[in-house]
Amino acid sequence: MLKHQSHIVAPIPDELRTRALYTVSELKAHGKADKEAVDKLYNLIIELTDQGLDFFFLEPLRRLNAGSMTMGMAKMGISSMLKGSKMVIHKVLKKLDEPSLAAILEFIEEIIHEPDTQ
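Going by our numbering, the first residue of the sequence shown is number 7, and it counts up by one from there.
Next comes the structure, spelled out in structure tokens:
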């Protein structure tokens, strides 16, 4: 669905892409929204979120050669955002059922792409 709409992109390391897709396929095969699945999904979502926050908020500052004071304030703000996100994500995932797990896994697959080789 996303490929049919305008969208923004955040790069992730190849290792994270590989691990994310492996985790998604592992959780799909497991098929249960138990504590193990919730923990793996939580850790994956937090890592993807952290990468996105870094790219969208810190990368522009790095490209502008922002000073250490500005970078420090930005990092503190992002840290607070991530902390708040962790609480919400954890609360939502604790109530996860199998259809919701499948929907989240499908979403993650939809947003992760291999780099263009052209």
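Glycine residues also receive a C-beta, built at the ideal position from the N, C-alpha and C atoms.
* CB-CB under 7 Å to Val-30, same chain, minus the five flanking residues each way: which ones, in chain order? -> Mapped onto the sequence shown, residue 30 falls at position 24. The answer, listed in chain order, is Leu-111, Ile-114 and Glu-115.
* Thinking C-alpha only, which one of Glu-21, Thr-76 and Asp-45 is nearest Arg-97? -> The residue labelled residue 97 in the question sits at position 91 within the sequence shown. Correcting the residue type first, residue 97 is Lys in the shown sequence and not Arg. The candidate whose alpha carbon is nearest that of Lys-97 is Asp-45.
* **Selected residue, minimal CA-CA separation from Ala-35, among Ile-118, His-119 and Leu-107** => What you label residue 35 is simply residue 29 of the sequence shown in a count that begins at 1. If you compare the alpha carbons of Ile-118, His-119 and Leu-107 with that of Ala-35, the shortest gap goes to Leu-107.
* Counting along the chain, where does the alpha helix (DSSP H) carrying Leu-50 start and finish? -> As a working mapping, residue 50 is identified with position 44 in the sequence shown. Here the alpha helix (DSSP H) through Leu-50 covers 41-59.
* **Neighbour-count burial assignment, Ala-16, 16 or more Cβ in a 10 Å radius** => Locating residue 16 in the sequence shown gives position 10, where the first residue counts as 1. With fewer than 16 other Cβ atoms within 10 Å, it is exposed.
* Asked: With distances taken from CA atoms, which of Gly-78, Pro-19, Ser-86 and Gln-124 is nearest Glu-53?
  -> Numbered from 1 along the sequence shown, position 47 holds the residue referred to as residue 53. Restricting attention to Gly-78, Pro-19, Ser-86 and Gln-124, the CA atom closest to the CA of Glu-53 is found in Pro-19.
* Asked: Which residues mark the beginning and the end of the alpha helix (DSSP H) in which Val-94 is found?
  -> The residue given as residue 94 occupies position 88 in the sequence shown. Secondary structure note for Val-94: its alpha helix (DSSP H) is the uninterrupted segment 74-100.
* Asked: Does the beta-carbon of Ala-26 have 16 or more other beta-carbons within 10 angstroms, so that it is buried, or is it exposed?
  -> For the purposes of this step, residue 26 is identified with residue 20 of the sequence shown, where counting begins at 1. Here Ala-26 is buried, its C-beta having at least 16 other C-beta atoms within 10 Å.
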